[in-house]
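**Student:** Here it is, the structure, as C-alpha cells.
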Amino acid sequence: MDHGSIKIRYFKMDLSSLLSSLPLPQPLSPAQPVTTLLSSLSALIDSCPDSALLSVVSKVEQLLSSADCDWLLSSTTHSVASEQEVELGYLLLSRALIGRCSLPLADDDISSVAESQYDAIRPRVEAVSHTLVTLLRILGKSRAEGGAECEGVGLSERILFTVAPDICVFAVTHFQMAPWSSPSSRSAAQDVMGALLESGPWTDSAHLLVGDRKHKEDRQKGGAKGILGPILDLLQPQLSKESLFHSESVKLVFSWALLQVTRPDLSQHLPRLLPPALLLTDHYRPENCILGVRCLHHIVLQMACADLRQLNRAEVLYQAVFRLLYNGQPQVTQCILAFLMDLLLVLEKPPSSPCSSRSRRAASRHDDVLRLVLTQMEAEHKLALRRVYASALPLLVDRFGIAVCRHLRRLERVILGYLELSDPPDETSRIQILLTLNRTLQTAWPRVDQRRGLQFLRAVLRLLIDVSSDSNLKDSVKQEIFNQSATSIRLLDACSSGTLQCLLLQVGSSHCSPDVLQILHSAMTKTQT
Numbered sequence: 224m225d226h227g228s229i230k231i232r233y234f235k236m237d238l239s240s241l242l243s244s245l246p247l248p249q250p251l252s253p254a255q256p257v258t259t260l261l262s263s264l265s266a267l268i269d270s271c272p273d274s275a276l277l278s279v280v281s282k283v284e285q286l287l288s289s290a291d292c293d294w295l296l297s298s299t300t301h302s303v304a305s306e307q308e309v310e311l312g313y314l315l316l317s318r319a320l321i322g323r324c325s326l327p328l329a330d331d332d333i334s335s336v337a338e339s340q341y342d343a344i345r346p347r348v349e350a351v352s353h354t355l356v357t358l359l360r361i362l363g364k365s366r367a368e369g370g371a372e373c374e375g376v377g378l379s380e381r382i383l384f385t386v387a388p389d390i391c392v393f394a395v396t397h398f399q400m401a402p403w404s405s406p407s408s409r410s411a412a413q414d415v416m417g418a419l420l421e422s423g424p425w426t427d428s429a430h431l432l433v434g435d436r437k438h439k440e441d442r443q444k445g446g447a448k449g450i451l452g453p454i455l456d457l458l459q460p461q462l463s464k465e466s467l468f469h470s471e472s473v474k475l476v477f478s479w480a481l482l483q484v485t486r487p488d489l490s491q492h493l494p495r496l497l498p499p500a501l502l503l504t505d506h507y508r509p510e511n512c513i514l515g516v517r518c519l520h521h522i523v524l525q526m527a528c529a530d531l532r533q534l535n536r537a538e539v540l541y542q543a544v545f546r547l548l549y550n551g552q553p554q555v556t557q558c559i560l561a562f563l564m565d566l567l568l569v570l571e572k573p574p575s576s577p578c579s580s581r582s583r584r585a586a587s588r589h590d591d592v593l594r595l596v597l598t599q600m601e602a603e604h605k606l607a608l609r610r611v612y613a614s615a616l617p618l619l620v621d622r623f624g625i626a627v628c629r630h631l632r633r634l635e636r637v638i639l640g641y642l643e644l645s646d647p648p649d650e651t652s653r654i655q656i657l658l659t660l661n662r663t664l665q666t667a668w669p670r671v672d673q674r675r676g677l678q679f680l681r682a683v684l685r686l687l688i689d690v691s692s693d694s695n696l697k698d699s700v701k702q703e704i705f706n707q708s709a710t711s712i713r714l715l716d717a718c719s720s721g722t723l724q725c726l727l728l729q730v731g732s733s734h735c736s737p738d739v740l741q742i743l744h745s746a747m748t749k750t751q752t
C-alpha cells in the first residue's frame with residue numbers, strides 16, 4: 224500500500240469520526256459530495272440550541288481543518304451549475320455561522336439595547352471567528368496553489384469573492400470599540416479581517432472594497448475586484464429611515480466602508496452612500512450627527528467639485544448641515560464648522576476673491592455662515608462652545624479678507640466681549656480672538672478708525688494686566704498671549720499712523736506690572752524700526 228492511499232484512508236477515518244460526533248439529522252460520510260455536508264452543517268448551526276452552539280462550531284472548525292482541501296473544494300461534475308452549488312453551500316455555511324452572532328435590535332430609534340444582552344454574543348464571536356479564519360486559510364491556500372495552473376478565476380477564488388462581503392461585515396461589526404465587543408472578541412474579529420486580506424488578492428481594506436482600478440476586461444484576466452457593492456447590498460435593507468437606528472452596528476459598518484473609499488472610486492457609489500449619511504446627520508443623538516457629518520465631510524473632500532455641484536448635491540448638503548449650527552453641542556458644532564469651510568469652496572468663490580464687477584458684492588453663503596457664527600458667539604455663555612466658535616473665527620476672517628468689513632460692527636462686539644472674559648486653564652478663546660483681531664487689522668485696516676482702534680487697544684491692555692496678574696496660568700499660555708497682544712498693539716499703531724504711541728508712553732509702573740511695560744516697550748520699539 225503506497226503512502227497516498229494510507230493518507231486517504233486515515234483522512235476518511237478521521238473525518239468519519241468527526242462527522243459521527245456532530246448531531247446531524249442524517250448520518251454523513253466522506254464519500255458523499257461536499258455540498259451535502261455544507262447544507263447539513265448550515266442547517267445544524269441554524270437549529271442548534273444556544274447551549275450546544277460553541278461545541279458545534281468548534282467541531283465544524285476541526286472538520287474543516289482536518290478535511291482534505293481537494294475534497295472541500297470539489298464539485299460532483301465540473302459544470303458551472305455544480306460549482307455554483309459549492310459556492311452557495313459555503314455562502315450558506317458562513318451566513319449560518321455569522322447569523323448566530325447577530326446583535327439584538329432596539330425596539331425603536333429612541334431606546335437602546337441593554338448591555339447584558341450582549342453577554343452571550345462575545346464568546347460566539349470568538350468561536351465563529353476561529354472557524355471563519357480556518358475557512359479563509361483553506362480558500363487562500365487553494366487559490367495560491369492553483370493560481371498558476373488555472374486559467375481565469377478558479378473555484379476557490381469564486382467562493383472567496385462570494386463569502387467575502389458577509390465575512391467583512393462580520394469582522395467590521397465586531398472589531399469596533401462598542402458595547403457588544405470585548406478585547407478578546409475584537410482581537411478575533413481582527414484576525415478574521417487579516418485572514419480575509421491574506422487569502423485574496425487585496426493589499427488593504429480600501430483595496431478590498433474598491434479593487435483594482437482597471438477595466439472589466441482586465442479584471443477577468445486576474446485583477447482584484449472590490450466588494451463594496453455587495454456590502455452595500457447586504458446593508459441596504461437596514462439603511463432606511465425606519466430601521467437605520469434600530470441596530471447600532473449598521474451605522475458603524477456603513478461609515479467604516481464609506482471612509483475607506485477615496486477618489487475616484489467614491490463617485491460611482493455616491494447615490495447609495497449619500498442618503499444614509501444624510502440620515503445620520505439629521506439624527507438627534509450627537510454621536511450619530513457627528514458620524515454623519517464626518518461621512519459627508521469625507522465625501523466633499525474626495526469628490527470632484529463638478530460632481531458635487533451636479534444635480535444640486537452640494538446645495539442639498541449645505542442646507543442640511545447649515546441649520547445644525549443651532550444645535551448647541553460643542554463637538555457637533557466643531558464638526559459642522561470644519562465641514563462647512565470645505566463645502567463653501569465647492570459652492571462659491573471665497574469673498575476675498577477679486578470681483579470682476581464694480582457693483583457691490585452680493586451676499587453669499589460665506590456671509591450667512593459668518594453672520595450666524597457671530598450671532599451665536601454674542602449670546603453664548605458655555606465655555607466649550609465659546610472655544611469652538613473662537614477657534615473657527617480666524618479661518619473665516621482669512622477667507623473674507625477685506626470683505627470682512629461688511630461684518631465689522633458685529634465682529635468688533637465679539638472681539639471686545641471675548642477678550643474681557645477669562646477662559647481657564649488654556650485661555651483658548653482669548654488666544655483665538657487675538658488671532659482674529661490681528662488678521663482683521665491686517666486686512667480691514669482702512670475701516671479701523673480712531674474710535675475703533677482705541678476700543679481694541681483698551682481691551683488688549685486690560686487683557687495684558689489681567690493675564691500678568693493671574694498666577695494660575697501656565698507660562699507658555701502667558702507667553703502666547705503676550706506675543707499675540709504685542710502684535711495687536713503694533714498693528715493698531717500702524718492703523719492709527721503712529722498716534723497710539725503717544726498714549727502708550729503715558730503708561731507707567733503705577734498702572735501695570737513690569738511684564739506689561741516690557742511688552743509695550745518691545746511693541747513700540749518694533750513699530751519704530
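Position one of the sequence shown corresponds to residue 224 (the numbering used here), numbered consecutively onward. Yeah, the Cβ is synthetic: ideal placement off N, Cα and C, and Gly gets one too.
1) Can you tell me which residues form a DSSP beta bridge with residue 434?
2) Would you call the CB atoms of residue 268 and residue 345 closer than 9 Å?
3) Just how far apart, CA to CA, sit residue 416 and residue 281?
4) In the region 592 to 634, which residue ranges form an unbroken alpha helix (DSSP H) of at least 4 residues, counting only runs that do not cross its ends?
5) Leaving aside the five residues before and after residue 413 along the sequence, list all residues of the same chain whose C-beta is less than 7 Å from its C-beta, in chain order.
6) Between residue 211 and residue 540, what straight-line distance do the alpha-carbon atoms span, to the nearest angstrom?
7) Quick one: give me the first and last residue of the alpha helix (DSSP H) that residue 655 is part of.
8) Please list the terminal residues of the continuous alpha helix (DSSP H) segment that includes residue 564.
9) Could you check what DSSP says for residue 333 in three-state terms: helix, strand or coil?
10) Where residue 668 and residue 718 are concerned, what is the direct C-alpha to C-alpha distance, given to the nearest angstrom?
11) Rounded to whole angstroms, how far is the Cβ of residue 360 from the Cβ of residue 422, which I believe are closer than 8 Å?
12) Answer with buried or exposed for residue 521, where buried requires no fewer than 16 other C-beta atoms within 10 angstroms of its C-beta.
13) Measure the C-alpha to C-alpha separation of residue 294 and residue 317 and round it to an integer number of angstroms.
14) Could you have a look at residue 672 and say whether DSSP puts it in helix, strand or coil?
15) In the DSSP assignment, the alpha helix (DSSP H) including residue 709 goes from what residue to what residue?
16) Quick one: Cα of residue 381 to Cα of residue 425, how far?
17) For the alpha helix (DSSP H) containing residue 379, name the first residue and the last one.
18) Looking only at its own chain, which residues have a Cβ that is under 7 Å from the Cβ of residue 595, when we skip the five neighbours before and after it?
19) State the DSSP-derived secondary structure class of residue 469, mapped to helix, strand or coil.
20) Whose CA, out of 727, 461, 418 and 391, lies closest to the CA of residue 499?
21) How many Å lie between residue 654 and residue 611 at the Cα?
22) Thinking residue 708 and residue 651 are a contact (beta carbons under 8 Å), I'd like their distance in whole angstroms, please.
23) Short check: CB of residue 524 to CB of residue 515, under 9 Å?
24) From residue 467 to residue 474, what does the alpha carbon distance come to, in whole angstroms?
25) How far does the alpha helix (DSSP H) with residue 464 in it reach, from first residue to last?
26) Give every residue of the same chain whose Cβ lies closer than 7 Å to the Cβ of residue 555, excluding the five residues on either side of it in the sequence, and list them in chain order.
27) Suppose the cutoff is 7 Å on Cβ atoms and the five residues either side in sequence are ignored; what does the same chain contact list for residue 479 look like?
28) Between residue 285 and residue 263, what straight-line distance do the alpha-carbon atoms span, to the nearest angstrom?
29) Within 10 Å of its beta-carbon, does residue 408 have 16 or more other beta-carbons around it, so buried, or fewer, so exposed?
30) Please work out which residues of its chain come closer than 7 Å, Cβ to Cβ, to residue 559, disregarding the five sequence neighbours upstream and downstream, and give them in chain order.
**Tutor:** On the basis of the data shown:
1) As a position in the sequence shown, residue 434 is number 211, starting the count at 1. For residue 434, the beta-bridge partners assigned by DSSP are 448.
2) For the purposes of this step, residue 268 is taken as residue 45 along the sequence shown, with counting starting at 1. For the purposes of this step, residue 345 is taken as residue 122 along the sequence shown, with counting starting at 1. Result no, Cβ atoms of residue 268 and residue 345 do not sit closer than 9 Å.
3) Start at 1 with the first residue of the sequence shown, and residue 416 comes out as number 193. Start at 1 with the first residue of the sequence shown, and residue 281 comes out as number 58. When rounded, the distance between both Cα atoms is 20 Å.
4) Listed in chain order, they are 606 to 623.
5) Walking along the sequence shown from the start, residue 413 turns up at place 190. If we look at residue 413 and ignore the five residues flanking it on each side, its Cβ neighbours are 398.
6) Because the chain in this structure spans residues 224 to 752, residue 211 falls outside the shown range and cannot be described.
7) For this step, residue 655 is matched to residue 432 along the sequence shown. Element bounds for residue 655: 651 to 666.
8) Counting from 1 along the sequence shown, the entry for residue 564 is found at position 341. Here the alpha helix (DSSP H) through residue 564 covers 553 to 570.
9) Position 110 of the sequence shown, counted from the start, is the residue given in the question as residue 333. Residue 333 falls in the coil class under three-state DSSP.
10) The residue you call residue 668 lines up with position 445 of the sequence shown. The residue you call residue 718 lines up with position 495 of the sequence shown. Near 6 Å, if we compare the C-alpha coordinates of residue 718 and residue 668.
11) Position 137 of the sequence shown, counted from the start, is the residue given in the question as residue 360. Position 199 of the sequence shown, counted from the start, is the residue given in the question as residue 422. Indeed they touch by this definition, with Cβ atoms about 7 Å apart.
12) Start at 1 with the first residue of the sequence shown, and residue 521 comes out as number 298. With 16 or more other Cβ atoms from the protein chains shown falling within 10 Å of its own Cβ, residue 521 counts as buried.
13) One-based indexing of the sequence shown puts residue 294 at position 71. One-based indexing of the sequence shown puts residue 317 at position 94. Looking at the two C-alpha atoms, the distance is approximately 18 Å.
14) Counting from 1 along the sequence shown, the entry for residue 672 is found at position 449. Residue 672: coil per DSSP, three-state reduction.
15) Locating residue 709 in the sequence shown gives position 486, counting from the first residue. DSSP places residue 709 inside the alpha helix (DSSP H), whose first and last residues are 698 to 718.
16) As a first step, residue 381 is located in the sequence shown; it is residue number 158 there, counting from the start. As a first step, residue 425 is located in the sequence shown; it is residue number 202 there, counting from the start. The straight-line gap from Cα to Cα measures roughly 14 Å.
17) Position 156 of the sequence shown holds residue 379. Note, residue 379: alpha helix (DSSP H), 378 to 397.
18) In the sequence shown, counting from the first residue as 1, residue 595 sits at position 372. Closer than 7 Å at the Cβ level, and outside the excluded window around residue 595, lie 548.
19) As a first step, residue 469 must be located in the sequence shown, where it is residue number 246. Residue state for residue 469 is assigned as helix, using DSSP reduced to three classes.
20) As a first step, residue 499 is located in the sequence shown; it is residue number 276 there, counting from the start. Ranking the options by Cα distance to residue 499, first place goes to 461.
21) Start at 1 with the first residue of the sequence shown, and residue 654 comes out as number 431. Start at 1 with the first residue of the sequence shown, and residue 611 comes out as number 388. Residue 654 and residue 611 have their C-alpha atoms some 12 Å from each other.
22) For the purposes of this step, residue 708 is taken as residue 485 along the sequence shown, with counting starting at 1. For the purposes of this step, residue 651 is taken as residue 428 along the sequence shown, with counting starting at 1. In fact, because the Cβ distance is near 15 Å, the residues do not count as touching under 8 Å.
23) Taking the first residue of the sequence shown as 1, we reach residue 524 at position 301. Taking the first residue of the sequence shown as 1, we reach residue 515 at position 292. For residue 524 and residue 515, no; Cβs fall outside 9 Å.
24) Counting from one through the sequence shown, the residue named residue 467 turns up at place 244. Counting from one through the sequence shown, the residue named residue 474 turns up at place 251. When the Cα atoms are used, residue 467 and residue 474 turn out to be separated by approximately 7 Å.
25) Position 241 of the sequence shown, counted from the start, is the residue given in the question as residue 464. Looking at the DSSP string, residue 464 is not in any alpha helix (DSSP H), and its letter there is neither H nor E.
26) Counting from one through the sequence shown, the residue named residue 555 turns up at place 332. Closer than 7 Å at Cβ, skipping near neighbours: 509, 512, 513 and 547.
27) Start at 1 with the first residue of the sequence shown, and residue 479 comes out as number 256. Result list for residue 479: 395, in chain order.
28) As a first step, residue 285 must be located in the sequence shown, where it is residue number 62. As a first step, residue 263 must be located in the sequence shown, where it is residue number 40. One C-alpha to the other measures close to 16 Å.
29) Along the sequence shown, one-based indexing puts residue 408 at 185. Residue 408 is buried by the Cβ-count criterion.
30) Mapped onto the sequence shown, residue 559 falls at position 336. The answer, listed in chain order, is 516, 544, 547 and 548.
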